[in-house]
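A.B. asks: Quick note: the sequence shown uses the numbering used here, first residue 476, plus one each step.
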Amino acid sequence: MDTLKDSIEFDHHIRIVPVENTSVGLKGYIAIHRKIEGQPSLGATRLWKYEKDSDALDDALRLAHLMSYKSMASGFSYGGAKATLIYPEGGIQDKHAYFKAYTNYVNELHGDFVTGSDVGMSPEDVQLMSSFSPYIVGSNVRSNYFTSLGVLYAIQVVLQDMFDSPDVSNRTFAIQGVGNTGSNLLRLLIKHGAKNIYISDINEEVLKKLQHEFPFLIIIPTQDIHKQKVDVFSPCALSHAINTKTIHELDCLAIVGSANNQLESRNMGDMLHEKGIIYVPDYIANSGGLISVADQYEHGEADDNRIVKKLDQLKSTVEDLILRRKKDKEVTHILADKMMEERLSALLN
Ligand code: NAD
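1. Quick check: is any heavy atom of the ligand NAD less than 7 Å from the C-beta of ASN678?
2. Is it buried or exposed, GLY554, if we count other Cβ atoms within 10 angstroms and call 16 or more buried?
3. Is there at least one non-hydrogen atom of the ligand NAD closer than 7 Å to the beta-carbon of SER606?
4. Should PHE588 be labelled buried (16 or more other beta-carbon atoms within 10 Å of its own) or exposed?
5. Using 10 angstroms around the beta-carbon of ALA841, count the other beta-carbons present and answer buried if the total reaches 16, otherwise exposed.
6. Among LEU536, ASN579 and GLY732, which one has its Cα closest to the Cα of LEU664?
7. Write down the C-beta distance between HIS715 and ASN736 rounded to the nearest angstrom, noting that I regard them as a contact closer than 8 Å.
8. Ignoring anything shorter than 4 residues or poking outside the stretch 661-734, list the alpha helix (DSSP H) runs there in chain order.
9. What would DSSP say about PRO756, mapped onto helix, strand or coil?
10. For ASN742, which of helix, strand or coil comes out of DSSP?
11. Using DSSP with H/G/I as helix, E/B as strand and the rest coil, what is ILE630?
12. Go ahead and pull the three-state DSSP assignment for PRO609.
13. Report yes if the C-beta of ASN645 is less than 7 Å from at least one heavy atom of the ligand NAD; otherwise report no.
14. Based on Cα-Cα distance, which residue from ALA519, MET547 and GLY550 lies nearest to ALA535?
15. Tell me whether the beta-carbon of ALA539 lies closer than 8 Å to the beta-carbon of HIS488.
16. If you run the structure through DSSP and keep just helix, strand and coil, what is ILE561?
17. Give a yes or no on contact between the stretch 772-785 and the stretch 628-641, applying the rule of three or more CB pairs nearer than 8 Å.
18. When the Cβ atoms of the stretch 577-584 are set against those of the stretch 787-799, are three or more pairs found closer than 8 Å?
19. Pairs of beta-carbons, one from the stretch 748-766 and one from the stretch 799-810, closer than 8 Å: are there three or more?
20. Considering only C-alpha positions, which residue in the set LEU624, HIS687, GLN698 and MET637 is nearest to SER651?
21. Within its chain, find whatever has a CB closer than 6 Å to the CB of GLN771; leave out the 5 residues flanking it on each side and keep chain order.
22. Leaving out five residues on either side along the sequence, give the residues of the same chain with a beta carbon under 8 Å from the beta carbon of LEU786.
23. If I measure Cβ to Cβ from THR655 and keep anything under 6 Å in the same chain, skipping five residues before and after, which residues do I get?
24. For LYS502, which beta-bridge partners are listed by DSSP?
25. Alpha carbon to alpha carbon, how far is ASP642 from ALA669? Give it in angstroms, no decimals.
26. What is the rounded straight-line gap between the Cα of LEU660 and the Cα of PHE708?
27. Distance check for ASP676 and PHE691, CA to CA, integer angstroms please.
28. DSSP three-state label for ILE567, please.
29. Give me the DSSP bridge partner(s) of VAL653.
30. Between which two residues does the beta strand (DSSP E) harbouring ARG521 extend?
31. Kindly indicate the opening and closing residues of the alpha helix (DSSP H) around ALA539.
32. Could you check if GLN703 is buried or exposed, using at least 16 other CB atoms within 10 Å of its CB as the buried criterion?
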């Protein structure tokens, strides 16, 4: 665990559990960033082809930290956690044995860590894990939809600030990636009357289907979507949509999307601020997914009405952020981190 001290992602996490079972190809980490008394720490399990062991550890540390912030943004009192599993060379030979071995580690934490699925896990994997552990959540929840609904709410708050109205119908949007969350966002915007929408995706089939359903959509080549002159640019695909190249080509007033890690570096956030572009940090904009999964954890079964109500907390976090941006004249990504640290400290002290 020497690498732990070397990791730039280490933020005095309270617990790091290496998980390993060579006979089934299991290797990875569970990282718990903060633990609030009487509450589990929440965070999904990611299964990924990490090149190095230290990459998996860094990712677990970074994402657990982010989960603490996401939880604070959603008005919860859960600390953040994350597990990263290194996809074994040659694949997983026996999923049953693999997930049983992994959930043994989860069970040994006796509910201090509650987890679900992230990148690399299928709904079947979650079902399998649920059969071995009571600390698995996220099956039977429409988390994609609620992530998108949260993004819509964040967009409406930003529009209210910019145009004195949350109405999306006369505004313009560019959505990068129309997969699970991007397409849900698109449908929500259309349902609320939006007509001027540019979309891009590397999946031609998906684009064709959407344009057939909504002929007014304008399809843009993937390399040009961020350049559109729009009110809101929504990155809903990969990480680092805002990078050293795209930052100079943006022509939007605000950036609000579902993708994780939208900024290639923190410097990008400063540059957005200098350009006068309002950026709603990704972990706030996309926290609707966590809100829906936490609802299932808290009540055994997720309830759509309850989740929609809880999304108000996301909305008010964005409202606070926008207010403080004006008052403190500070960059939103730094301001948001400060707000989340304040909320965390209040719960930890
Ligand atoms: P998804 O895989 O369903 O959709 C992503 C879409 O982006 C796909 O249609 C893909 O073809 C497209 N795409 C890939 N590369 C592209 C490119 N260069 N340009 C344009 N489109 C491209 O994924 P998702 O579940 O919608 O998640 C999208 C992002 O949101 C990810 O960063 C994810 O981590 C994040 N996120 C998702 C959730 C959730 O509830 N699904 C919650 C929080 C954050």
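Beta carbons are placed, not taken as given, at the ideal position from N, Cα and C, and that holds for glycine.
C.D. replies: Working from what's here:
1. Position 203 of the sequence shown holds residue 678. For the ligand NAD, at least one heavy atom lies less than 7 Å from the Cβ of ASN678.
2. Walking along the sequence shown from the start, residue 554 turns up at place 79. That one is buried.
3. Translated into the one-based positions of the sequence shown, residue 606 becomes position 131. Every heavy atom of the ligand NAD is 7 Å or more from the Cβ of SER606, so no.
4. Start at 1 with the first residue of the sequence shown, and residue 588 comes out as number 113. Buried, since its Cβ has 16 or more Cβ neighbours within 10 Å.
5. In the structure as shown, the chain starts at 476 and stops at 824, and residue 841 therefore has no counterpart that could be examined.
6. Counted from its first residue, the sequence shown places residue 664 at position 189. Measuring from the Cα of LEU664, the nearest candidate turns out to be GLY732.
7. By one-based count along the sequence shown, residue 715 stands at place 240. By one-based count along the sequence shown, residue 736 stands at place 261. 6 Å between Cβ atoms; contact.
8. 679-688
9. Taking the first residue of the sequence shown as position 1, residue 756 is located at position 281. Here PRO756 sits in coil by DSSP.
10. Locating residue 742 in the sequence shown gives position 267, where the first residue counts as 1. Three-state DSSP puts ASN742 in a helix.
11. Counting from 1 along the sequence shown, the entry for residue 630 is found at position 155. DSSP places ILE630 in the helix class (H, G or I) of the three-state scheme.
12. Taking the first residue of the sequence shown as position 1, residue 609 is located at position 134. Reduced to three states, the DSSP call for PRO609 is coil.
13. The sequence position of residue 645 within the sequence shown is 170, counting from 1. No, the Cβ of ASN645 stays beyond 7 Å of every heavy atom of the ligand NAD.
14. Counting from 1 along the sequence shown, the entry for residue 535 is found at position 60. Of the candidates ALA519, MET547 and GLY550, the one whose C-alpha sits nearest the C-alpha of ALA535 is ALA519.
15. As a first step, residue 539 is located in the sequence shown; it is residue number 64 there, counting from the start. As a first step, residue 488 is located in the sequence shown; it is residue number 13 there, counting from the start. The answer is yes: Cβ separation under 8 Å.
16. Counted from its first residue, the sequence shown places residue 561 at position 86. Here ILE561 sits in strand by DSSP.
17. no
18. no
19. yes
20. Taking the first residue of the sequence shown as position 1, residue 651 is located at position 176. For the record, residue 651 in the displayed sequence is Gln; it is not Ser. The residue with the shortest Cα to Cα distance from GLN651 is GLN698.
21. Numbered from its first residue, the sequence shown carries residue 771 at position 296. Only VAL612, VAL616 and ALA777 meet the Cβ criterion.
22. Looking up residue 786 in the sequence shown gives position 311. PHE621, LEU624, GLY625, TYR628, GLY763 and ILE766.
23. Reading the sequence shown from its first residue, position 180 is the one you call residue 655. Residue identity differs from the one stated: residue 655 is Asn in this sequence, not Thr. If we look at ASN655 and ignore the five residues flanking it on each side, its Cβ neighbours are ASN619.
24. As a working mapping, residue 502 is identified with position 27 in the sequence shown. LYS502 pairs with GLU495.
25. In the sequence shown, counting from the first residue as 1, residue 669 sits at position 194. In the sequence shown, counting from the first residue as 1, residue 642 sits at position 167. Cα-Cα distance, rounded: 9 Å.
26. Position 185 of the sequence shown holds residue 660. Position 233 of the sequence shown holds residue 708. Put simply, the backbone Cα of LEU660 is about 12 Å away from that of PHE708.
27. The residue given as residue 691 occupies position 216 in the sequence shown. The residue given as residue 676 occupies position 201 in the sequence shown. Using only the alpha carbons, I get a separation of about 16 Å.
28. Locating residue 567 in the sequence shown gives position 92, counting from the first residue. Three-state result, ILE567: coil.
29. Your numbering for residue 653 matches position 178 in the sequence shown. Paired residues: none, contrary to the question.
30. Start at 1 with the first residue of the sequence shown, and residue 521 comes out as number 46. Per DSSP, ARG521 belongs to the beta strand (DSSP E) from 520-523.
31. The residue labelled residue 539 in the question sits at position 64 within the sequence shown. Where ALA539 is concerned, the enclosing alpha helix (DSSP H) stretches over 528-548.
32. For the purposes of this step, residue 703 is identified with residue 228 of the sequence shown, where counting begins at 1. Per the 10 Å Cβ criterion, buried.
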